[in-house]
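These notes concern the structure reproduced below.
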Amino acid sequence: MSGEDTVLIVGMGYVGHALGQALDREGVQWLGWRRQADDDPRIRPVDLDAETLSADGAGTRRIVYLAPPPKSGAGDPRLRRLLAALESEPPERFVYASTTGVYGNQHGAVVTEEASLQAASPRALRRLDAEQALVEAASRWGTQWAILRLPGIYGPGRLREEAIRAGLELPCPEVCPPGNRIHRDDIVAVIQRLVVSGAPTGFFNLADAEHMSSTDFATAVAQRIGVVLPPCIPDIDAYYAAHPGMASFLREQRWVDSSRVRQALDWAPRYDDAISGIEASLGGDRERR
């Protein structure tokens, strides 16, 4: 396989490492960028916050960008630095992992890719800036691009088990709004399909079909690890006051529709309901993972 067939994974975090493992199973060569050095020689330390960024040595025409924007400031200078470095030799395909947060609060409405973008939080606004920067650059270059808008990500090691064992407080089920989430392995499966030449392009929402609330999700995890949770909080405003970090997520209510990616790829999530995803993540489905 030539260097141009190699996939460059920018951001070797939770999803990036799983993607690398999946590509290994398929016999696809890949390189990874992350801030710190790694024991794997394929993973190169690259500081996306450096004043100048060089894409020399990447040796690839396919890029998957999973790195988050900075936690403060306007826009996403990290992605913009990479796009500037690619100007002389742009890729053929670019897959970017964004967030459904760019839709903002849709007051519980069903959200397709045509929904209005009402990003309000600084985090979502930075993601929106990144989307716009990529589309502008890709249109100029003739690069095929796909932007995945992701909800909450869960999977092995991402079930809030530590918080649940410590007595996680939750709003009562009757006041907790529906949620949107996707299992890590389903994200990887979609990226594998989108990064190949000739794959569909454009914006794609990704979410399971269940939309289980965060209360029901945490309760399901607690039941499976043998933890009894404290009494729920019946007043949602009281819950928000006690847990302001969760308030920003729960107040933005939307029902993410992922029909487009399912139809475009003729694909369905392995974990299209939360219970199967939880049980697989806890190890009850090791033989299939």
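The opening position of the sequence shown corresponds to residue 8 in my numbering, with each subsequent residue numbered one higher.
A virtual CB, placed ideally from N, CA and C, is assigned to each residue, including glycine.
Report yes if the C-beta distance between residue i and residue j is below 8 Å; otherwise report no.
i	j	result
glutamate 120	phenylalanine 256	no
leucine 141	tyrosine 103	yes
leucine 60	tyrosine 72	no
proline 207	leucine 124	no
tryptophan 37	leucine 30	yes
aspartate 83	alanine 137	yes
proline 180	aspartate 223	yes
alanine 153	leucine 201	yes
threonine 150	threonine 67	no
alanine 225	arginine 167	yes
valine 118	aspartate 264	yes
Taking the continuous beta strand (DSSP E) assigned at residue i, which residues delimit it?
i	result
glutamine 325	Nothing about residue 325 can be read from this structure; the chain reaches only from 8 to 296.
leucine 38	37-41
isoleucine 189	188-190
arginine 231	Element bounds for arginine 231: not the beta strand (DSSP E) but the alpha helix (DSSP H), 221-232.
glutamine 151	151-157
With 16 other CB atoms within 10 Å as the buried threshold, where does residue i fall?
i	result
threonine 107	buried
leucine 15	buried
glycine 20	exposed
histidine 24	buried
glutamine 199	buried
glutamate 294	In this predicted model, glutamate 294 has a pLDDT of only 41, less than 50, meaning its place in the structure is not dependable enough to derive any value.
glycine 233	exposed
valine 203	exposed
arginine 32	exposed
valine 235	exposed
alanine 116	exposed
Rounded to whole angstroms, what's the CA-CA distance from residue i to residue j? Just pull it up for me.
i	j	result
arginine 133	proline 77	8 Å
alanine 281	tryptophan 148	40 Å
asparagine 187	arginine 269	16 Å
alanine 81	tryptophan 262	27 Å
isoleucine 50	alanine 145	25 Å
alanine 170	aspartate 54	32 Å
valine 197	serine 221	24 Å
tyrosine 246	glycine 205	47 Å
valine 258	asparagine 112	The question names valine, but residue 258 is arginine in the sequence shown. Roughly 7 Å separates the two Cα atoms.
glycine 18	arginine 277	24 Å
glutamate 99	arginine 130	28 Å
serine 266	alanine 275	9 Å
aspartate 56	glutamine 43	13 Å
cysteine 183	glutamine 260	10 Å
alanine 249	histidine 218	24 Å
serine 105	leucine 135	8 Å
alanine 122	serine 128	17 Å
alanine 254	valine 228	21 Å
serine 95	arginine 69	15 Å
leucine 93	histidine 114	39 Å
So residue i is in the alpha helix (DSSP H); what residue range does that whole segment cover?
i	result
isoleucine 285	281-288
serine 255	251-258
alanine 271	266-272
proline 84	84-92
valine 71	No alpha helix (DSSP H) contains valine 71, which is instead part of the beta strand (DSSP E) from 69-72.
glycine 209	Unbroken run through glycine 209 is the beta strand (DSSP E), 209-212; no alpha helix (DSSP H).
leucine 30	21-33
alanine 172	Note that residue 172 is arginine in the sequence shown here, rather than alanine. Counting along the chain, the alpha helix (DSSP H) containing arginine 172 begins and ends at 168-172.
(message) Counting beta carbon pairs with one atom in the region 275-293 and one in the region 190-199, are three or more of them shorter than 8 Å?
(response) yes
(message) Whether or not the region 233-240 and the region 169-182 are in contact is what I'm after, with contact meaning three or more pairs of Cβ atoms, one per stretch, closer than 8 Å; do they touch?
(response) yes
(request) Taking 8 Å as the threshold, find out whether the region 200-218 comes into contact with the region 153-167 through three or more Cβ pairs. (result) yes
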